[in-house]
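Numbering (my numbering), first residue to last: 40 to 300.
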């Protein structure tokens, strides 16, 4: 069981297609994590105290491809890494760094969007494209997506091409969660939740997961988590820091799953 978890913030939202704002998220998720309105206890009774984190701080990104270099440096230790984003484009660079350390991994991706576009508005590194790049480059052996409710014809074709397993929100059943045989990388897009539970996102897509359903997905992961990211929280759209607190809650529960392994 790891004694520490590395934490990094990636202050980057230049690949956002609709609104900017996720670059502001990492320090606000940390602030919510330490809020006096809550405590450090996870739902299993484990206390996730500040000393558990090897916090590398937040990184201002000048060039998109620097994300991989920074992440590789922070992955040098044996500790698993959780990244606070940032828009979802960062996940491609994060996975390139993880590939250097672990090889191809299995991915569990929670999102309203499949993010499988070959390119979006002329940008193949858009936040709508990271999983197309990940699968093209062979960074994942298996990609399972949960909560999808915006599947276009092109993205369905991409999913078929890459063998992506998609559990659309209309078909979601907590009694039939996917199981894994290998350790996974977890990518949590906060807009996977219904905007009623997490209004602080750029893309309000109704009909999503509840906070409890996402917690149940995380708590029922049956293999070790090698690394994770929490992305697409947009503070400029938040209401009374609700989404910051949701993100902090998810951070704590992901940490528990890593520490339990």
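Glycine included, each C-beta is placed from N, C-alpha and C at the ideal position.
None of these values were measured; they are calculated from a predicted model.
**Study point:** Nearest-angstrom Cα separation, counted from residue 136 out to residue 142
**Key:** 9 Å
Review point. Hey, how far is the Cα of residue 208 from the Cα of residue 229?
Key: 14 Å
Practice item. Name the two residues that bound the continuous beta strand (DSSP E) containing residue 248. Key: Taken as a continuous stretch (DSSP letters only), residue 248 belongs to no beta strand (DSSP E), as it is neither H nor E.
Exercise for review: Could you check the C-alpha separation between residue 261 and residue 223 for me, to the nearest Å?
Suggested key: 10 Å
Check your understanding: Just to confirm, are residue 185 and residue 129 a CB contact at a threshold of 8 Å?
Key -> no
**Study point:** Cβ pair residue 189, residue 235 closer than 8 Å
**Key:** no
Review point. Which term fits residue 127, buried or exposed, when burial requires 16 or more other beta carbons within 10 angstroms of its beta carbon?
Key: buried
Point to revise | Spatially closest choice to residue 218 from 257, 67, 273, 238, by CA coordinates | key: 257
Review point. Which partner residues of residue 48 appear in the DSSP bridge assignment?
Key: 97, 123
Check your understanding: Where residue 292 and residue 116 are concerned, what is the direct C-alpha to C-alpha distance, given to the nearest angstrom?
Key -> 22 Å
**Study point:** For residue 112, the nearest candidate out of 45, 248, 275 (CA to CA)
**Key:** 45
Review point. Looking at the structure shown, is residue 186 part of a helix, part of a strand, or coil, going by DSSP?
Key: strand
Review point. In terms of residues, what are the limits of the beta strand (DSSP E) holding residue 224?
Key: 223-228
Practice item. Note down the Cα distance separating residue 274 from residue 248, rounded to an integer number of angstroms. Key: 20 Å
Check your understanding: So, residue 88 versus residue 283, is the Cβ gap smaller than 8 Å?
Key -> no
Review point. Are the beta-carbon atoms belonging to residue 270 and residue 124 less than 8 Å from one another?
Key: yes
Review point. Who are the near neighbours of residue 85 in its chain, counting only those whose CB is closer than 6 Å to its CB and skipping five residues on each side?
Key: 295
Point to revise | Where the alpha helix (DSSP H) containing residue 148 begins and where it ends | key: Counting along the chain, residue 148 falls outside any alpha helix (DSSP H), though it belongs to the beta strand (DSSP E) covering 144-149.
Check your understanding: Taking the alpha carbon of residue 168 as the point to measure from, which residue in 180, 193, 93, 145 has its own alpha carbon closest?
Key -> 193
Check your understanding: Given residue 279, which residues of its chain have a CB within under 8 Å of its CB, disregarding the five upstream and five downstream residues?
Key -> none
Practice item. Can you grab the Cα-Cα spacing for the pair residue 215 / residue 69, in whole Å? Key: 33 Å
Practice item. Within its chain, find whatever has a CB closer than 6 Å to the CB of residue 201; leave out the 5 residues flanking it on each side and keep chain order. Key: 174
Check your understanding: Does the distance from the CB of residue 165 to the CB of residue 54 come in under 8 Å?
Key -> yes
Review point. Shortest alpha-carbon distance to residue 145 belongs to which of 131, 79, 52, 178?
Key: 178
Review point. Between the beta-carbon of residue 106 and the beta-carbon of residue 133, is there less than 8 Å?
Key: yes
Review point. Can you give the Cα-Cα distance for residue 61 and residue 91, rounded to whole angstroms?
Key: 25 Å
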